[in-house]
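Step one of this worksheet: look at the structure below.
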Amino acid sequence: MAYTFNFRDVFAAKDALLDGLALTLQLTATTIVFGFIIGLGVAATAVYGPRWARRAAHAYVEVIRNTPLIVQLFIVFFGLPSIGIKLDVITVATIGLAINLAAYAAEIIRAGIESIPRSQVEAGVSLGFTRAQIFRHVVLIPALRNVYPSLMSQFILLMLATSVASQIAAPELFYAGSIIQSRTYRDFEVYTVIAIAYLVLTVCLRLLFGAVHRLAFRR
Amino acid sequence: MIRDLSWIDPVYLVFALRWTIGLTVLALLGGAPLGLLVAAIGNTKRPAMRWLAQGYVGIVQGVPLLAWLFLFFFGFPIMGVEVPAWLAASIALSVYASGFLGEIWRGAIKSIPRTQWEASGSIGMSYAEQLRHVIIPQAVRIATPPTVGFVVQLIKNTSLASVIGFVELTREGQMTAAATLAQLPVYLMVGTLYFILCYPITVYSRTLERRLRGVR
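Protein chains in written order, with our numbering: chain A, 18 to 236; chain B, 1172 to 1387.
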């Protein structure tokens, strides 16, 4: 059977695609910021917190890492209104994605913190550093340097995972694709364009993170 | 027609788990041989072959799984082949698994010291024989913990097959939620079932990893 490809209908909707792309970038950026901050807090709690808080941090990480993102998004999407919190879908998606990313980031950062030898901390103490100074200069920054590649891979996976937010109707790139598909019936062409767009985004993020790495950890 | 959530609904959800597990098994059956091929090609001496393997991994990992699912679901019909949702989902998840397993296994093979290659080469083994008799038996130990860890990823990601209408646990949950409007309890149940399935495997993967580190 001969099939005629028709990409014209897809590109005719480029405004919708660009709007979707903008939201994908926005979701990725805000989720990375919030997910990293929460993840850092959870990791610090898991290492330094009192016993009950360590347990809670571990439980959070395990629950999130052993359940699918799409189910987590559904739970946030339907759960927030049921406790009386009504937010727009983009905020809901950001919350859901940040809760998800934070667990993975926490696990990576925790591994980084635990990779710092105790002797380093003792050296910091003997130099008269305060606890905050030790955490910042002796533990955290070297720890982040050690786990930077894993953390960046996780951020790229997160960027790809923002596509799942289409399932709660957040109008990001993938959702834009499904709208164009329902209008033009050019399913294969639409998803080819979408897939290539994500691939280009992945390559761009990789280059960006590589450049950041050279700037931030230059010695 | 809206009905109340009844005692039978959790039972249906538990039974839907078998499709989640079935899809995971199919994805592994398809993804493992392909992943092994990627790992083997990615460790040859020829740069062109290595680039081929890396390019494949880069493309598979650089596109969201949702897009792979739709590409295979809509791609077969335009070639004139009608495939049911379960088959499209199995193929998409196999490709996805082959990219990640290929990369895990390529790294494990690469971590085997070069002397092992040289020794086996010097007794006249071919590349395939070296892999089969010397390299892979050692690489398996290193690769097992992350591979088991990836199985958890795979189980969770079968949930995305719901978007092309394959009725596994998440899709069953969506249908129950739509019929009862009890979305939150239903999705909490669905999440719990995934957790019960995945958590033991996560713990097992961690035990393997600890054991590996202890031995070394």
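Ideal placement from N, C-alpha and C gives every residue a C-beta, glycine not left out.
Where residue i falls, given that 16 or more other Cβ within 10 Å makes a residue buried
| i | result |
| --- | --- |
| F1186(B) | exposed |
| P1235(B) | buried |
| C1369(B) | buried |
| T1329(B) | buried |
| L1242(B) | buried |
| P1308(B) | exposed |
| D1175(B) | exposed |
| A1349(B) | exposed |
| M1250(B) | exposed |
Through-space distance from residue j to residue i, alpha-carbon basis
| i | j | result |
| --- | --- | --- |
| T1315(B) | R72(A) | 28 Å |
| V1266(B) | W69(A) | 42 Å |
| R1387(B) | E189(A) | Reliability fails at R1387(B), whose pLDDT of 49 lies under 50, so the model's placement of it is uncertain and the value that follows must be treated cautiously. Computed Cα separation, rounded: 47 Å. |
| L1272(B) | Y202(A) | 34 Å |
| Y121(A) | I130(A) | 14 Å |
| V1311(B) | E1274(B) | 14 Å |
| G52(A) | Q89(A) | 15 Å |
| A1268(B) | L104(A) | 36 Å |
| G37(A) | F1247(B) | 27 Å |
| G101(A) | W1276(B) | 48 Å |
| V59(A) | A74(A) | 6 Å |
| L222(A) | F1337(B) | 32 Å |
| S180(A) | P1317(B) | 25 Å |
| E1300(B) | A178(A) | 40 Å |
Presumed contact (8 Å Cβ cut-off) between residue i and residue j, rounded CB distance
| i | j | result |
| --- | --- | --- |
| I173(A) | T111(A) | Not really, about 18 Å apart at Cβ, beyond 8 Å. |
| T45(A) | M176(A) | 4 Å |
| L1379(B) | I1173(B) | Not quite, the Cβ-Cβ distance comes to about 47 Å (not below 8 Å), so this is no contact. |
| I133(A) | V142(A) | Not a contact, Cβ separation roughly 13 Å. |
| Y208(A) | A1238(B) | 6 Å |
| A213(A) | F191(A) | One detail in the question is off: residue 213(A) reads as Ile in this sequence, not Ala. The Cβ separation is near 13 Å, so there is no contact. |
| L86(A) | N117(A) | 5 Å |
| A1256(B) | I1335(B) | 5 Å |
| V1319(B) | G1270(B) | Contact doesn't hold; Cβ gap of about 18 Å is too wide. |
Residue-level contact to chain A via CB, residue i, 8 Å cutoff
| i | result |
| --- | --- |
| S1330(B) | yes |
| F1241(B) | yes |
| I1230(B) | yes |
| T1341(B) | yes |
| R1387(B) | No answer about R1387(B) holds up, because its pLDDT of 49 lies below 50 and its placement is not dependable. |
| G1233(B) | yes |
| K1281(B) | no |
| K1216(B) | no |
| G1362(B) | yes |
| Q1354(B) | yes |
Residue-level contact to chain B via CB, residue i, 8 Å cutoff
| i | result |
| --- | --- |
| Q184(A) | yes |
| L177(A) | yes |
| T41(A) | no |
| G96(A) | yes |
| L44(A) | no |
| P166(A) | no |
| S180(A) | yes |
| D26(A) | no |
| T219(A) | yes |
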